[in-house]
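Notes follow once the structure below has been shown.
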Amino acid sequence: MALPVPQSTSVTTATSSSSNFPSTSPRKIKISCSQLRFSETKQAHLRLMDAFKGNSALQVKALRESQGLTQEIINNEQKCVQIMDNESELFKEMKHRFLTFKKDKYLENLEHFQNLAKVQKPKFMVIACADSRVCPSSILGFQPGEAFIVRNVANLVPPYENGPSETNAALEFSVNSLEVENILVVGHSCCGGIRALMSMEDNKNSSSFIENWVRIGKPAKLISTKATATASDLNFDQQCRHCEKVSINQSLLNLLTYPWIEEKVANGKLSVHGGYYDFVDCTFEKWSLNYKGSESKEEGEYSIKDREFWC
Ligand SMILES: [Zn+2]
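Residue numbering for the sequence shown follows UniProt numbering, beginning at 1 and increasing consecutively.
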């Protein structure tokens with residue numbers, strides 16, 4: 001289906017309406033806008049000079065101003081060309097990567113990928129941070145079909161009572177339809193989302209989408225602040241690091257607030273795990289929630305098992 005075309009780009013899109021998506025290409029829009037502005041300026045320049053015929057002072061002023069405007073447009077055009085060159089290089093590289101994947105992976109394992117085209121049966125549901133340095137497929141080697149992944153700011157799982165979000169929509173599909181066997185929440189070092197949580201004023205209304213999202217991690221912040229309060233020599237970075245790990249466990253507990261998750265965990269059909277990727281020294285810590293061991297604990301407390309440190 002063709003994408004909707006903004007009115008302001010009609011100059012470009014009129015020539016490319018026959019294809020499906022190039023009509024809204026930012027590159028074409030930039031070129032046409034720039035060309036349009038340049039042509040309009042030239043016409044305005046001519047009209048001004050015409051209007052001031054016989055008044056030499058006004059003519060000189062109009063000439064100077066229009067020359068300045070022309071120079072500004074030329075500069076903008078040069079900047080546009082540079083941006084387009086960079087974009088073109090980025091997509092050239094992307095195309096190369098895709099074609100390499102197709103040749104070396106897809107076509108080499110054609111039967112596997114054709115089966116995968118019919119059905120997916122991932123063993124993992126992964127919730128990771130949107131941070132560009134924390135790609136689960138790269139660091140944990142998930143291949144297509146192996147993990148259903150949702151990424152959000154600070155890898156948070158909202159509790160059931162918070163209502164719908166894209167994270168719990170992905171959970172519902174992966175747990176109830178795909179019947180994954182494992183949910184893995186992956187946190188990481190130097191998390192900007194956790195830093196935002198630790199920095200924000202808790203009781204202040206905010207219009208920031210980030211603050212309103214990371215607020216989900218407030219219980220982890222409280223636990224973390226309380227735990228680090230006695231260690232007065234911990235600086236803010238260390239407190240954030242502590243919270244990065246506590247919030248993973250908070251997310252594991254939040255997973256259990258979904259009745260259809262808790263039921264499967266209680267029946268042993270689903271396991272929930274935490275992971276912490278430290279990209280400063282490239283280590284990975286992995287653990288699992290001990291559901292049975294957590295049953296006798298107070299609300300908000302948990303027991304973990306199978307802790308491993310990969311370095
Ligand atoms: Zn993060």
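Cβ coordinates follow ideal geometry from the N, Cα and C atoms, glycine included.
Discussion item. Tell me which residues share the same chain as D306 and place their Cβ nearer than 7 Å to its Cβ, disregarding the 5 neighbours each side in the sequence.
Written reply: Once the five neighbours on either side are set aside, the close Cβ partners of D306 are W287 and S288.
Discussion item. Tell me the rounded alpha-carbon separation between E89 and C190.
Written reply: Spanning the two alpha carbons is a distance of roughly 30 Å.
Practice prompt. Could you name the residues of the same chain whose beta carbon sits closer than 7 Å to that of K245, not counting the 5 residues immediately before and after it, in chain order?
Written response: Here the set comprises G187 and Y276.
Worksheet item: Could you give the residue range of the beta strand (DSSP E) that holds C129?
Response: That run of the beta strand (DSSP E) goes F124 to C129.
Worksheet item: Just the Cα atoms here: how many angstroms apart are F236 and L222?
Response: The alpha-carbon of F236 is positioned some 14 Å away from that of L222.
Worksheet item: Start and end of the alpha helix (DSSP H) containing S251?
Response: Going by DSSP, S251 is part of the alpha helix (DSSP H) stretching over F236 to L255.
Worksheet item: In whole angstroms, what separates the C-alpha of N75 from that of E87?
Response: If you take the alpha carbons of N75 and E87, they lie about 18 Å apart.
Worksheet item: Measuring from the CB of I149, is there a heavy atom of ligand 1 at a distance below 8 Å?
Response: No, Cβ of I149 sits at least 8 Å from all heavy atoms of ligand 1.
Fill in: Proximity winner among G268, Q238, P158 and K118, relative to R195 (alpha-carbon distances)
Ranking G268, Q238, P158 and K118 by Cα distance to R195 puts Q238 first.
Discussion item. Rounding to the nearest angstrom, what Cα-Cα distance links L36 and I73 in this structure?
Written reply: Residue placement at L36 is flagged as unreliable, the pLDDT there being 45, under the threshold of 50; the coordinate-derived value follows with that caveat. Each residue's Cα considered, the two are about 11 Å apart.
Worksheet item: Is the beta carbon of F124 less than 9 Å from the beta carbon of I183?
Response: In this structure, the beta-carbon distance from F124 to I183 falls below 9 Å.
Discussion item. My output table needs one value for F142: the three-state DSSP class, helix, strand or coil.
Written reply: DSSP places F142 in coil when its eight states are reduced to three.
Item to complete: Just the C-alpha distance for V150 and V126, rounded to the nearest angstrom, thanks.
Response: Each residue's CA atom was taken as its position, placing V150 and V126 some 6 Å apart.
Discussion item. Between which residues of its own chain and F309 is the CB-CB distance below 6 Å, once the five residues before and five after are set aside?
Written reply: Shown here for F309: same chain residues with a beta carbon closer than 6 Å to its own, the five before and five after excluded, namely E285 in chain order.
Worksheet item: Under three-state DSSP, which class holds N182?
Response: In the three-state reduction of the DSSP assignment, N182 falls in the strand class, which pools E and B.
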